[in-house]
Amino acid sequence: MARFFRNMSTTTRLLSQSVPKNGVIMPPWLHDITQSTSAAPKLYAWTPENLPNCSADGESQSATPKDLQKRIFILGIGNLGRFYANSLAKLGQEVPVTLVLHRKSLLEHWVSEPGIELTRYDVTERISSFNVEWWTEQAPAHGPVREVCDGAKIANLLVATKAPDALPQVDRLRRYLDGNSTVGFVQNGMNKLWPPYGAIYSEHRFPPRQHPNWLVCVTTHGVYSLGAFKSVHAAPADIAMGLVLPNPDTAGAADYLTEQILKAPELEARKVPRNALWVLQLEKLIINSLINPLTAVIRCMNGHLFDQPAPGLKKLMDMLVDEASQILQALAQHSSSQDILTGVDSAPDADLSKEALVERFSAAQLNAMLQRVGEKVKENRSSMCQDVMAGKQTEVREFNGWLVQMAEFLGLEAPNHKKLCELVEAGVVGEQNLLEAYFGKK
Numbered sequence: 001m002a003r004f005f006r007n008m009s010t011t012t013r014l015l016s017q018s019v020p021k022n023g024v025i026m027p028p029w030l031h032d033i034t035q036s037t038s039a040a041p042k043l044y045a046w047t048p049e050n051l052p053n054c055s056a057d058g059e060s061q062s063a064t065p066k067d068l069q070k071r072i073f074i075l076g077i078g079n080l081g082r083f084y085a086n087s088l089a090k091l092g093q094e095v096p097v098t099l100v101l102h103r104k105s106l107l108e109h110w111v112s113e114p115g116i117e118l119t120r121y122d123v124t125e126r127i128s129s130f131n132v133e134w135w136t137e138q139a140p141a142h143g144p145v146r147e148v149c150d151g152a153k154i155a156n157l158l159v160a161t162k163a164p165d166a167l168p169q170v171d172r173l174r175r176y177l178d179g180n181s182t183v184g185f186v187q188n189g190m191n192k193l194w195p196p197y198g199a200i201y202s203e204h205r206f207p208p209r210q211h212p213n214w215l216v217c218v219t220t221h222g223v224y225s226l227g228a229f230k231s232v233h234a235a236p237a238d239i240a241m242g243l244v245l246p247n248p249d250t251a252g253a254a255d256y257l258t259e260q261i262l263k264a265p266e267l268e269a270r271k272v273p274r275n276a277l278w279v280l281q282l283e284k285l286i287i288n289s290l291i292n293p294l295t296a297v298i299r300c301m302n303g304h305l306f307d308q309p310a311p312g313l314k315k316l317m318d319m320l321v322d323e324a325s326q327i328l329q330a331l332a333q334h335s336s337s338q339d340i341l342t343g344v345d346s347a348p349d350a351d352l353s354k355e356a357l358v359e360r361f362s363a364a365q366l367n368a369m370l371q372r373v374g375e376k377v378k379e380n381r382s383s384m385c386q387d388v389m390a391g392k393q394t395e396v397r398e399f400n401g402w403l404v405q406m407a408e409f410l411g412l413e414a415p416n417h418k419k420l421c422e423l424v425e426a427g428v429v430g431e432q433n434l435l436e437a438y439f440g441k442k
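The structure is reproduced here in structure tokens:
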């Protein structure tokens, strides 16, 4: 436990450095952006043609303006990126797709073994009909030198990175985005551009009324990795999709990307009103903020939390749900949520009224939802558990950290979720150590 106490102060500081602006308490990420005056970088699009000793087949990847209006760029080719790419590719050549890789070695790997492999119901298919690019500030020394999107604007971008990287990567691309761009996020956790923060970010980074249409895809499919460009679609489910922050002048520009996602086979996507999307993402956040970090610390399958858990573990889960319930109930009644519940792209629905949401976000209702989901996923290992076992960065700040920061925004406290965030980031392992951190030694 010693390492936990050494790291705890750092995590606590990062979770609590919120700064007020115009009456809004800003989280650290937004405060840093509003203080920044640096220009967005010029980026170069490397292709296989830019690799030394590479005899890449095919034509140049320079695109026509018409092609760029239809082309979908997928940024981040992890499990969800592969899943979306595989499905969109089945729409044919009329919907061109470019995979945007995050390091040069992946571009080299693609050249040696091109294609995305996706296994579903024990059947594996490989699709290689993609353009592939690596976007970097370094101009290539070999082959054609091209700027991202040939210096034009990106019309359709799907962001499939891990949650902590999503907005930083989009922010890096902002010189290639404008009011006619649609940016879709497919990560777990709450999207950072929901009110009250989305308008502040957009106003700071884009000219007036020139921010993209921000789209969110709440994805409940279960996909796990078998290595680079190889995944298994283990748990087919669905996608709920809608605009988080539409551009009032160009909202129709989002129709193309939305329609392709709706048509793509296997995605099982549906378009939902903005208020319903917000509620669905909040409910998924609660599931992720319980199952993921607890299984990450205990190093267990999901079912361990639900199949007759020890009294101490059950007590802790109830504490976490109670705390989350108070935050969500307060958020549903806060003035910042009014635009989501009744504004543009929201549908009148008695089940999404403030009063109905207070009941829906009650501890009893959240616990019932958690038990239903837990039964479905009990044979799985959570993504956060897989991440900590592989020594990778987790998304705990996007789940529990979001609850901590939202509690601060609402004038509440979330000590139990804050501690769980600290435990995960300190690398604490084992159910006994987890319970001792909350209840002390017995």
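According to the UniProt record's numbering, the sequence shown is numbered sequentially starting from 1.
Heads up, the beta-carbon is just placed ideally off N, CA and C, and yes, glycines get one too.
Here the structure is a predicted model, which means the values were calculated and not measured.
Environment of Glu59 [buried if 16+ CB atoms lie within 10 Å]: The count along the sequence shown starts at 1 and reaches residue 59 at position 59. The predicted position of Glu59 is uncertain, since its pLDDT is 44 and thus under 50; a value taken from the coordinates is nonetheless stated next. Label assigned to Glu59: exposed.
Is the Cβ-Cβ distance between residue 456 and Gly184 less than 8 Å? With the chain running from 1 to 442 in the structure shown, residue 456 is simply not present.
Is it buried or exposed, Asn53, if we count other Cβ atoms within 10 angstroms and call 16 or more buried? As a first step, residue 53 must be located in the sequence shown, where it is residue number 53. Flag for Asn53 reads exposed.
Anticipated Cβ contact below 8 Å, Val223 with Phe83, distance rounded: Against the sequence shown, residue 223 aligns to sequence position 223. Against the sequence shown, residue 83 aligns to sequence position 83. The pair is a contact, with the Cβ atoms about 5 Å apart (cut-off 8 Å).
Span separating the alpha-carbon of Ala240 from that of Glu431: Taking the first residue of the sequence shown as position 1, residue 240 is located at position 240. Taking the first residue of the sequence shown as position 1, residue 431 is located at position 431. Roughly 34 Å between the two C-alpha positions.
Which value, in whole angstroms, describes the spacing of the CA atoms of Gln386 and Val297? If you number the sequence shown from 1, residue 386 lands on position 386. If you number the sequence shown from 1, residue 297 lands on position 297. Roughly 11 Å between the two C-alpha positions.
Compute every distance between the C-beta of Asp349 and the non-hydrogen atoms of the ligand NAP, then say whether any falls below 7 Å. As far as ligands go, the structure on display features none, and thus does not contain the ligand NAP.
Using DSSP bridges, identify the partner residues of Val218. Against the sequence shown, residue 218 aligns to sequence position 218. According to DSSP, which records beta bridges pairwise, Val218 is partnered with Ala240.
On a CA-only basis, which of Gly242, Trp135, Ser112, Val123 is nearest Ala347? Give me that one, please. Counting from 1 along the sequence shown, the entry for residue 347 is found at position 347. Closest option to Ala347, Cα to Cα, is Gly242.
When we look at the beta-carbon of Val216 and count the other beta-carbons within 10 Å, is it buried (16 or more) or exposed? Start at 1 with the first residue of the sequence shown, and residue 216 comes out as number 216. So Val216 counts as buried.
Which whole-angstrom value is the C-beta distance of Asp249 and Gly179, which I expect to be below 8 Å? Here residue 249 is taken as the residue at index 249 of the sequence shown, counted from 1. Here residue 179 is taken as the residue at index 179 of the sequence shown, counted from 1. With a Cβ gap of about 6 Å, Asp249 and Gly179 count as contacting.
So if DSSP puts Val377 in a beta bridge, which residue, or which two residues, is it bridged to? Counted from its first residue, the sequence shown places residue 377 at position 377. Paired residue(s): none; Val377 is not in a bridge.
Buried versus exposed call for Gly76 [16 or more other C-beta atoms within 10 Å across all chains shown]: Taking the sequence shown and counting its residues from 1, one reaches residue 76 at position 76. By the neighbour-count rule (16 or more Cβ atoms within 10 Å), Gly76 is buried.
In angstroms with no decimal places, state the Cα-to-Cα distance between Gln308 and Leu167. Residue mapping note: residue 308 aligns to position 308 of the sequence shown, counting from 1. Residue mapping note: residue 167 aligns to position 167 of the sequence shown, counting from 1. Whole-angstrom Cα-Cα distance: 39 Å.
Under the three-state reduction of DSSP, which class applies to Trp135: helix, strand or coil? As a working note, residue 135 is residue 135 in the sequence shown. Of the three classes helix, strand and coil, the one that applies to Trp135 here is strand, per DSSP.
Pick from Ile340, Leu290, Leu412, Gly411 that is closest to Cys421, judged by C-alpha positions: By 1-based counting over the sequence shown, the position of residue 421 is 421. When only C-alpha atoms are compared, the closest one is Leu290.
With respect to the alpha helix (DSSP H) encompassing Glu425, which residues constitute its N-terminal and C-terminal limits? Taking the first residue of the sequence shown as position 1, residue 425 is located at position 425. That run of the alpha helix (DSSP H) goes 415-426.
To the nearest angstrom, report how far apart His417 and Trp194 are at their CA atoms. Within the sequence shown, the letter at position 417 stands for residue 417. Within the sequence shown, the letter at position 194 stands for residue 194. Looking at the two C-alpha atoms, the distance is approximately 21 Å.
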